[in-house]
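Q:
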Amino acid sequence: MLSSNSDSSALNPFLDDLPEDTLSSSSETTIDFLSIFLRLPTIESLSRCKLEPSIIILDYRNTQNDQSLFIAHKIPFIFNGFKFDFLPERGDFIKVLGSFNDLLLCGAVKTDYSAFYICNPFTKQWISLPLLKNCKGDDHFGLICEPFYSRSAKQSEYTINAEYRYRVVCFTEIEKGNVIVRTYVSEICAWKAFLLYGGDYQFCSNVVAHNGKLHWFNGLNVVAYDPFNDEKICYINGSEIQPNVEMLNSYYLGVSQGVLKMTHLVSTIYFNGDGDDIENLSIWELKDYETGHWNLEHRIYSFNAKSNGFRDGTGICDPVTLAFNPTDKDTVYLKFGQEVMLCDLQGEKLQLAGEIPKGIGCFDGDKAFPVMLPWWPTPVHVSAHP
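In this note's numbering, the protein residues as written are 34 to 419.
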């Protein structure tokens with residue numbers, strides 16, 4: 034099913050400016066040309082997209098209303114309600130599961146089956162995918178798309194790919210190192226399933242799309258999974274990023290300015306009131322995709338001392354990496370208890386970005402989803418549903 038705010042009357046300003054030879058060409062060409070515009074959002078919906086070029090969506094669930102929070106990357110930071118009330122689910126939790134540019138993968142995960150949607154939350158276009166059975170709460174999800182448009186070398190011409198392909202992938206760990214993979218293929222409008230086995234595919238980080246593949250860290254290396262080319266697997270050497278076996282390790286993969294990056298957070302489980310705090314945050318950047326060479330860009334020690342008192346009442350408040358800023362390589366979002374803070378990696382400073390409301394809903398773990406707003410909002414793929 035497709036829902037769209039598109040209206041052909043909104044095309045008049047565009048059509049008036051088109052060359053006459055374009056409109057007087059063959060009917061087939063004209064229909065193909067106009068079909069591209071019909072897939073695009075209306076002027077009215079575009080007016081809702083006047084936001085900063087990147088935002089971070091933090092998902093939490095409310096027992097009364099499905100809600101989310103988002104932070105616009107701007108000072109002062111903005112925490113606003115951001116609802117998915119345009120989606121058809123009523124009475125079920127709508128949960129954000131993944132993001133790719135300005136598209137979001139949302140789901141209503143139930144005990145017997147799960148409903149999934151791909152939507153553009155700014156234009157409020159969405160499609161529903163075929164139901165998927167036997168999903169688990171700890172499944173990992175990925176959304177990846179071909180580019181909707183590309184620029185010429187001179188940056189003056191654009192090529193539209195109105196029939197871009199995309200994949201939605203659900204990873205279910207069945208035993209250590211083995212994974213059931215269920216992939217929604219846009220060309221056939223159906224799910225396909227197969228098994229990844231005989232390798233180390235466990236998930237020690239989130240799943241992130243980069244370079245046409247889905248990536249995650251397995252504790253030793255970064256797994257690169259290609260859902261567009263026969264589910265090929267390759268590994269990016271992660272030996273330079275060594276875990277501290279005596280401490281609590283957490284990893285986050287992300288992309289900033291088109292580069293794959295990883296945070297490695299080593300922390301104590303409990304904060305020592307005497308200030309004996311040895312936690313540190315390392316920021317690694319992948320310099321060579323083929324050889325797997327990582328460079329240690331930043332290492333910040335004693336985050337608790339730098340948090341300027343942003344701690345919860347229990348004193349147990351280890352920082353968690355939420356997301357890299359997609360457009361600023363020197364900033365990263367962290368969560369201390371209920372507080373979300375922006376970390377300036379160059380100055381090693383923390384600034385309060387906002388607070389997750391207490392007692393309202395249930396914050397779903399420590400997940401956040403960067404959203405990039407391209408020069409033109411990505412239309413939801415009209416032909417991607419039977």
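Positions of the beta carbon are idealized from the N, C-alpha and C atoms, including for glycine.
1) Starting from the N-terminal side, write out each stretch of the beta strand (DSSP E) that is 3 residues or longer and does not extend beyond the stretch 241 to 295.
2) Please confirm if S283 has its CB atom under 8 Å from at least one CB of chain C.
3) By alpha-carbon positions, which one of T192, G210, G175, K209 ends up nearest to Y199?
4) Can the beta-carbon of V413 be found closer than 8 Å to that of I90?
5) Could you tell me the alpha carbon to alpha carbon distance between E381 and G271, rounded to whole angstroms?
6) Pull up the distance between the alpha-carbon of K169 and that of E190, whole angstroms please.
7) Which residues does DSSP list as the beta-bridge partners of E388?
8) By how many angstroms is the C-alpha of G325 removed from the C-alpha of N167?
9) Going by Cα to Cα distance, which pick from V241, K246, Y234 is closest to L253?
10) Could you name the residues of the same chain whose beta carbon sits closer than 6 Å to that of C203, not counting the 5 residues immediately before and after it, in chain order?
11) What is the DSSP secondary structure of K362, reduced to helix, strand or coil?
12) Note down the Cα distance separating V241 from Y334, rounded to an integer number of angstroms.
13) With a threshold of 16 other CB atoms inside 10 Å of the CB of L329, please say whether the residue is buried or exposed.
14) Using C-beta distances below 7 Å, list every residue in its chain close to L378, excluding the 5 sequence neighbours before and after it, in chain order.
15) Would you give the residue range spanned by the beta strand (DSSP E) that R215 belongs to?
16) Measure from the alpha carbon of G140 to the alpha carbon of each residue in K157, L164, P407, then state which is nearest.
17) Check whether the Cβ atoms of P352 and L298 sit closer than 8 Å, and answer yes or no.
18) So which of E206, C178, I193, N251 has the shortest CA-CA distance to N244?
19) Express the C-alpha separation of Y258 and T411 in angstroms, rounding to a whole number.
20) Does the Cβ of I207 have 16 or more other Cβ atoms within 10 Å, making it buried, or fewer, making it exposed?
21) State the Cα-Cα distance for the pair K265 and N153, rounded to the nearest angstrom.
22) Give the straight-line distance between the Cα atoms of E273 and K246, rounded to the nearest whole angstrom.
23) Strictly by DSSP, which residues pair up with C152?
24) So, helix, strand or coil for D233, using DSSP?
A: Taking the structure as given:
1) 241 to 243, 246 to 250, 255 to 259, 265 to 269, 281 to 289
2) In the structure shown, chain C does not exist; there is a single protein chain.
3) The residue you call residue 199 lines up with position 166 of the sequence shown. For the residues T192, G210, G175, K209, the minimum Cα distance to Y199 belongs to G175.
4) Counting from one through the sequence shown, the residue named residue 413 turns up at place 380. Counting from one through the sequence shown, the residue named residue 90 turns up at place 57. Not closer than 8 Å, so no.
5) Counting from 1 along the sequence shown, the entry for residue 381 is found at position 348. Counting from 1 along the sequence shown, the entry for residue 271 is found at position 238. Approximately 25 Å between the Cα atoms of the pair.
6) Indexing the sequence shown from 1 puts residue 169 at position 136. Indexing the sequence shown from 1 puts residue 190 at position 157. Going from the Cα of K169 to the Cα of E190 covers about 45 Å.
7) Within the sequence shown, the letter at position 355 stands for residue 388. Beta-bridge pairing links E388 to E372.
8) Stepping through the sequence shown from its first residue, residue 167 is reached at position 134. Stepping through the sequence shown from its first residue, residue 325 is reached at position 292. Whole-angstrom Cα-Cα distance: 36 Å.
9) Taking the sequence shown and counting its residues from 1, the one referred to as residue 253 is at position 220. Here the closest residue by C-alpha is Y234.
10) Walking along the sequence shown from the start, residue 203 turns up at place 170. Contacts found: D172, F174, R215.
11) For the purposes of this step, residue 362 is taken as residue 329 along the sequence shown, with counting starting at 1. Three-state DSSP puts K362 in coil, outside helix and strand.
12) Within the sequence shown, numbered from 1, the residue matching residue 241 stands at position 208. Within the sequence shown, numbered from 1, the residue matching residue 334 stands at position 301. Taking the straight line from one Cα to the other gives about 26 Å.
13) Mapped onto the sequence shown, residue 329 falls at position 296. Result: exposed.
14) If you number the sequence shown from 1, residue 378 lands on position 345. So the list reads I316, H331, D363, T364, V365, once near-sequence residues are dropped.
15) Position 182 of the sequence shown holds residue 215. Following the DSSP letters along the chain, one finds R215 inside the beta strand (DSSP E) bounded by residues 211 to 218.
16) Sequence index remark: in the sequence shown, residue 140 carries index 107 (1-based). Selected option, being the one with the closest Cα: L164.
17) Start at 1 with the first residue of the sequence shown, and residue 352 comes out as number 319. Start at 1 with the first residue of the sequence shown, and residue 298 comes out as number 265. Their beta carbons are under 8 Å apart, which means P352 touches L298 by this criterion.
18) Stepping through the sequence shown from its first residue, residue 244 is reached at position 211. Cα-wise, what sits closest to N244 is C178.
19) Here the question's residue 411 lines up with position 378 in the sequence shown. Here the question's residue 258 lines up with position 225 in the sequence shown. Cα to Cα, the separation comes out at about 24 Å.
20) As a first step, residue 207 must be located in the sequence shown, where it is residue number 174. I207 should be labelled exposed.
21) As a working note, residue 265 is residue 232 in the sequence shown. As a working note, residue 153 is residue 120 in the sequence shown. It is roughly 29 Å from the alpha-carbon of K265 to the alpha-carbon of N153.
22) If you number the sequence shown from 1, residue 273 lands on position 240. If you number the sequence shown from 1, residue 246 lands on position 213. Each residue's Cα considered, the two are about 22 Å apart.
23) Mapped onto the sequence shown, residue 152 falls at position 119. BP columns for C152 point to L137, W159.
24) Numbered from 1 along the sequence shown, position 200 holds the residue referred to as residue 233. Looking at D233 - three-state DSSP - the assignment turns out to be coil, as it is neither helix nor strand.
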